[in-house]
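**Student:** Following this message is one structure expressed as structure tokens.
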Ligand SMILES: Nc1ncnc2c1ncn2[C@@H]1O[C@H](COP(=O)(O)OP(=O)(O)OP(=O)(O)O)[C@@H](O)[C@H]1O
Ligand SMILES: [Mg+2]
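Residue numbers (this note's numbering), protein chains in the order written: chain A, 1 to 421; chain B, 422 to 672.
Here's what the structure looks like:
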């Protein structure tokens, strides 16, 4: 079955996928139907409207030269209290996963061996729901072929963040699929740092029950890496979902986020900041569906590009009939540090309810000369002044992070990256 | 301290002459004031001296302690001891006032080859100076000038001046937008920096500021030139009679 899948993934990953999918009943079912849907949809093509600004080639070609990478020697979240889980070459580094209060963490590979598991109600299900109106076949393929992932079941307030840190050496092609289930009244924060592979296809499915709350922070800083990510989330009533991604110096990244607000009075935020230099292509593709009353959604994206780097934003807010009192906010801005870099944006609103407030804006601009002179007149040399204005530009996106300590950690990490370049 | 000779400046983009031969000699330790009608070129002079882009110097020179500053980058001029308190201070969202101040202080020290100020020492000094200017801790934490009132922005300029301890201070309408008490605070801040060596060039429209910061020399600028220089009484004359007589006199 999966063996006949398109030429997406290296033989090794295919082999690993085979091993797992030959196991438990639920997994077999989920993977088979995902595989069938991926087959039917076919691989993304350059002519697809949905891939207008980003060439899917690098994600679908079998024989891509994957260059092993060195991570910048700058650490992040060093001072934070957290539960650490390490991935090494797309596999869990240790067999034993940490045991923490109010939360159970399991591995996908172990759950796949069982005939029944709670994850069967979510795994591949949210991804399937997110296949409308556009086909996301690479996400379906991920469901069919993922070799590892974490299944996080938050049953109460999880006091410190769960951090997944990944290290990969060599030309690893990683297919990772995490599932997070947040029960009523529960809350959990998931942090992803490092890279699963030289090329990764990552899916995270998140189900947030009524009054639950989920926070996600992701750092993408692999120097030569290719990364395709999808988040599929379903958010209940009086609940919260917040995701923030910092992307610095990856070669090719596409982050898709597909959220559905299904319960009233909830709020979701998807934010991102990126620092792009030269051979850098970064794409944020967001689709937020309001299908409940009195919900708020925010999309805040800031991209700083130089030396020919390319930034893409495709963001859509869909307000279904009956989703009254929707408050939708969407802003995507780029700071172009030279004339070789470009920002391509396609903001969209589709509204079928009459009592809604939605605003969206997209801008592209150069450095503010007045502010630059102000800083220089105080003795700050030009490169440092540009760095400060870069931080100034990105600040709004970082401001979307709720935990001030995590926001501060990201800010100082950014400062270090800027100083190092 | 600062020698300006026959400074002629036009806009880079269009053929518009703004300064038409400015001569000024500012001796160390003195306070000079410049007054003059709107649009006469006072701010332009302060910008050109501090290195803002968009202007072209077609003739003349400016030397700070014998060094040709027109050849220097803005940050080098700052490190050489030049400071401009802006007529319109710029807002920088997302960058904390404190971070900004510390970056400025240490950048200048680095450019001069001096050791950087430690975080602890900096904090101590900035708190003391902020207190003198009635700038509270909250204003130090907030992003640079964002949401500051007009008067707060001006006091923040003086705080920067106090932290950077420049040799040559240019104040461009620092009194505008200040209430009476704030004006006294700012004047106290300036006077506290007068040490017999530090030089000030105070651009203002009103005598009021000069009641608090006593000038040694007052210049009148019109249409890009210094048309008259004199003692403090010149400022009083302007206050009472406006510029009409002066302009006629020199026409
Ligand atoms: N960048 C610029 N572009 C166009 N015109 C300019 C520019 N800078 C200065 N000018 C013009 O040059 C003249 C002098 O301006 P400047 O700001 O120096 O005057 P000022 O004496 O400071 O006036 P005020 O008392 O109103 O502050 C004005 O006519 C102004 O419009
Ligand atoms: Mg002016």
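All residues carry an ideal CB built from backbone N, CA and C; glycine is no exception.
These numbers come from a predicted model, not from an experiment.
So, is residue 374/A buried or exposed, given that buried needs 16 or more other C-beta atoms within 10 angstroms?
**Tutor:** buried
**Student:** Provide the residue span of the beta strand (DSSP E) that contains residue 534/B, from first to last.
**Tutor:** Neither: residue 534/B is in no beta strand (DSSP E) and is coded neither H nor E.
**Student:** Quick one: Cα of residue 6/A to Cα of residue 131/A, how far?
**Tutor:** Any reading at residue 6/A needs caution, since the residue's pLDDT is 44, under 50, leaving its predicted position unreliable; the model's value is listed next. Roughly 18 Å between the two C-alpha positions.
**Student:** Which of the three DSSP states is assigned to residue 325/A in this structure?
**Tutor:** It is coil, neither helix nor strand.
**Student:** Could you check what DSSP says for residue 381/A in three-state terms: helix, strand or coil?
**Tutor:** coil
**Student:** Is residue 553/B near ligand 2 - that is, is its Cβ less than 8 Å away from at least one heavy atom of it?
**Tutor:** no
**Student:** Could you work out which residue in 314/A, 370/A and 45/A is closest to residue 348/A when comparing CA atoms only?
**Tutor:** 314/A
**Student:** Helix, strand or coil: which one does DSSP assign to residue 633/B?
**Tutor:** helix
**Student:** I want to verify the contact list: residues of chain B whose CB lies under 7 Å from the CB of residue 395/A, in sequence order.
**Tutor:** 514 and 515
**Student:** May I have the straight-line CA-CA distance separating residue 3/A from residue 343/A, to the nearest angstrom?
**Tutor:** Because the pLDDT at residue 3/A is just 39, under 50, the model does not fix this residue reliably, and the point stays unresolved.
**Student:** In angstroms with no decimal places, state the Cα-to-Cα distance between residue 254/A and residue 174/A.
**Tutor:** Roughly 15 Å separates the two Cα atoms.
**Student:** Run the CB neighbour count on residue 201/A, radius 10 Å, all protein chains shown included, and call it buried at 16 or more, exposed below.
**Tutor:** Under this definition residue 201/A is a buried residue.
**Student:** Counting C-beta neighbours from all protein chains within 10 Å, is the total for residue 9/A 16 or more, i.e. buried, or is it exposed?
**Tutor:** In this prediction, residue 9/A scores a pLDDT of 49, lower than 50, which makes its location untrustworthy; the coordinate-derived value is nonetheless stated afterwards. Residue 9/A is buried by the Cβ-count criterion.
**Student:** State yes or no: is the beta carbon of residue 180/A nearer than 9 Å to at least one beta carbon in chain B?
**Tutor:** no
**Student:** When you compare only the Cα positions, how much space is there between residue 1/A and residue 35/A?
**Tutor:** In this prediction, residue 1/A scores a pLDDT of 35, lower than 50, which makes its location untrustworthy; the coordinate-derived value is nonetheless stated afterwards. C-alpha separation (whole angstroms): 8 Å.
**Student:** What did DSSP end up calling residue 287/A once you bin it into helix, strand or coil?
**Tutor:** strand
**Student:** Between residue 607/B and residue 599/B, which are expected to be in contact by the criterion C-beta below 8 Å, what is the C-beta distance as a whole number of angstroms?
**Tutor:** 6 Å
**Student:** Verify whether the separation of the beta carbon atoms of residue 140/A and residue 182/A is less than 9 Å.
**Tutor:** Contact flag unset, no.
**Student:** Kindly indicate the opening and closing residues of the beta strand (DSSP E) around residue 442/B.
**Tutor:** Counting along the chain, the beta strand (DSSP E) containing residue 442/B begins and ends at 438-447.
**Student:** Would you say residue 510/B reaches chain A, if we count a Cβ-Cβ gap shorter than 9 Å as a contact?
**Tutor:** yes
**Student:** In chain order, what are the residues with a CB under 7 Å from some non-hydrogen atom of ligand 4?
**Tutor:** Of the ligands this structure carries, namely ligand 1 and ligand 2, none is ligand 4.
**Student:** Measuring only the C-alpha atoms, how far is residue 60/A from residue 476/B?
**Tutor:** 53 Å
**Student:** Are three or more beta carbon pairs between the segment 507-525 of chain B and the segment 474-489 of chain B nearer than 8 Å?
**Tutor:** no
**Student:** Which full runs of the beta strand (DSSP E) of 3+ residues lie inside the segment 39-119 of chain A, going along the chain?
**Tutor:** 83-88 and 103-107
**Student:** What is the residue span of the alpha helix (DSSP H) that residue 571/B lies within?
**Tutor:** 571-585
**Student:** Within 8 Å: the Cβ of residue 432/B and any heavy atom of ligand 1?
**Tutor:** yes
**Student:** Look at the Cβ atom of residue 67/A, then the Cβ atom of residue 219/A, and state whether they are nearer than 9 Å.
**Tutor:** With a cutoff of 9 Å on beta-carbon distance, residue 67/A and residue 219/A are scored as not near each other.
**Student:** Check distances from the C-beta atoms of the segment 376-405 of chain A to those of chain B and list, in chain order, the residues that come in under 9 Å.
**Tutor:** Within the segment 376-405 of chain A, the residues whose Cβ lies closer than 9 Å to some Cβ of chain B are 376, 377, 378, 379, 380, 381, 382, 384, 385, 388, 389, 391, 392, 393, 394, 395, 396, 398 and 399, listed in chain order.
**Student:** Taking only the alpha-carbon atoms, compute the straight-line gap between residue 609/B and residue 447/B and give it to the nearest angstrom.
**Tutor:** 22 Å
**Student:** Starting from the Cα of residue 628/B, find the closest Cα among 643/B, 648/B, 462/B and 594/B and give me that residue.
**Tutor:** 594/B
**Student:** At which residues does the beta strand (DSSP E) containing residue 367/A begin and terminate?
**Tutor:** No beta strand (DSSP E) holds residue 367/A; DSSP gives it neither H nor E.
**Student:** Should residue 461/B be listed as close to ligand 1, given that the test is whether its C-beta is under 8 Å from any heavy atom?
**Tutor:** yes
**Student:** Quick check on DSSP: helix, strand or coil for residue 238/A?
**Tutor:** DSSP places residue 238/A in the coil class of the three-state scheme, outside both helix and strand.
**Student:** Tell me the DSSP secondary structure of residue 123/A in three-state form.
**Tutor:** coil
**Student:** With burial defined as no fewer than 16 other Cβ atoms inside 10 Å of the residue's Cβ, what is the status of residue 556/B: buried or exposed?
**Tutor:** Result: buried.
**Student:** Just the chain A side, please: which residues come within less than 9 Å of residue 597/B by C-beta, in chain order?
**Tutor:** What residue 597/B touches in chain A: nothing, since even the nearest Cβ is about 18 Å away.
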